[in-house]
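*Asks:* Chains A and B, in that order, are what the protein sequence lines are. To get the numbering used here, take the position in the first sequence, counting from 1, and add 408. To get the numbering used here, take the position in the second sequence, counting from 1, and add 269. Every residue, glycine too, gets a C-beta built ideally from N, C-alpha and C. From a predicted model like this one, the values you see are computed outputs, not experimental measurements.
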Amino acid sequence: GENVEQHPSTLSVQEGDSAVIKCTYSDSASNYFPWYKQELGKRPQLIIDIRSNVGEKKDQRIAVTLNKTAKHFSLHITETQPEDSAVYFCVAGYSSASKIIFGSGTRLSIRP
Amino acid sequence: NAGVTQTPKFQVLKTGQSMTLQCAQDMNHEYMSWYRQDPGMGLRLIHYSVGAGITDQGEVPNGYNVSRSTTEDFPLRLLSAAPSQTSVYFCASSPGLAGGNEQFFGPGTRLTVL
């Protein structure tokens, strides 16, 4: 079955710097790669997703890159702000699958 | 639209008690699922449903039952609560199969079993 590894488990960056979170997956059939953000005490929410027919997608300060050959994808946050502090989860899925596996999460802290 | 709603928000049980966590969605989504989230761990799938009358097990189904009699509702039943079931429970729905669609989460239920 699918296995998703996420690194690092914790990340602390200075406000204004960039943050990068990486995930690797095992199932080469995976074709959908969403990222979820969970603020403290809140529900997870989708912030960006990418499908396997593109290599990169951007939405303002966040971007996701995908390397299908190496089976890894990354979340990039530029010009970090205090409101970016949260736990981020990656997912590797494929469109005909009934269930998905979440990565173990990365706790991102932004230092003022 | 209210989206995905869950009740109760907090619950304390004694070992051996049973209870039902409620989940409802008003987006006409076919797919619904239940996850548990423990400290330092990600979201683990308990049970899921691809439509009314159809349910299946996820990664950690033991000690839990589900049913899906309507598109809108997907209750999770704890048969005989154990301290190991202390966790935050999230219900989610999506317009299609989970593998290719955004998951919309409810606000969660924080359960403590003494």
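#1: Below 7 Å on C-beta distance, what does R451 of chain A contact in chain B?
#2: Assign P352 of chain B to one of two classes, buried (16 or more other C-beta atoms within 10 Å of its C-beta) or exposed (fewer than that).
#3: Return yes when at least one heavy atom of the ligand MG lies under 7 Å from the C-beta of Q294 of chain B, else no.
#4: Do we get a CB-CB distance below 8 Å when we pair D307 of chain B with the residues of chain A?
#5: May I have the straight-line CA-CA distance separating V421 of chain A from E447 of chain A, to the nearest angstrom?
#6: Taking Cβ positions only, does S512 of chain A come closer than 8 Å to chain B?
#7: Excluding the 5 residues preceding and the 5 following A321 of chain B in the sequence, name in chain order all residues of the same chain whose CB lies nearer than 7 Å to its CB.
#8: Establish whether the CB of E341 of chain B and some CB of chain C are separated by less than 8 Å.
#9: Could you give the distance in angstroms between the alpha-carbon of F441 of chain A and the alpha-carbon of S287 of chain B?
#10: How about R515 of chain A and E423 of chain A: do their beta carbons lie closer than 8 Å?
#11: Which partner residues does Y300 of chain B have in the DSSP bridge list?
#12: Quick check on E285 of chain B: buried or exposed, where buried means 16 or more other Cβ atoms within 10 Å of its Cβ?
#13: Taking the C-alpha atoms as reference points, what is the distance between Q291 of chain B and R379 of chain B?
#14: Does the distance from the CB of F497 of chain A to the CB of L312 of chain B come in under 8 Å?
#15: Can you give me the Cβ contacts of S426 of chain A inside the same chain, cut-off strictly under 8 Å, excluding the 5 residues immediately before and after it?
#16: If you draw a straight line from the alpha carbon of G377 of chain B to that of A437 of chain A, how long is it in whole angstroms?
#17: Taking the straight line between their C-alpha atoms, what separation do you get for I429 of chain A and V499 of chain A?
#18: Please check if any C-beta of chain A sits within less than 8 Å of the C-beta of L312 of chain B.
#19: Determine the contact status of V329 of chain B and E299 of chain B, defining contact as a CB-CB distance below 8 Å.
#20: So which residues on chain B does A505 of chain A lean against when the C-beta distance must stay under 9 Å?
#21: P308 of chain B lies in the beta strand (DSSP E); which residues open and close that run?
*Replies:* Straight from the coordinates:
#1: F359, F374, G375, P376 and G377
#2: exposed
#3: For the structure depicted, the ligand MG is absent and the ligand set is empty, with no information on it obtainable.
#4: no
#5: 17 Å
#6: yes
#7: R337, S338, T339 and T340
#8: The structure shown contains no chain C; its protein chains are A and B.
#9: 37 Å
#10: no
#11: B:S363
#12: First, the amino acid is wrong: residue 285 of chain B is Gly here, not Glu. Flag for G285 of chain B reads exposed.
#13: 13 Å
#14: yes
#15: H484, I485, T486, E487 and T488
#16: 31 Å
#17: 12 Å
#18: yes
#19: no
#20: L366, A367, G368 and G369
#21: That residue, P308 of chain B, is in no beta strand (DSSP E); it is neither H nor E in DSSP.
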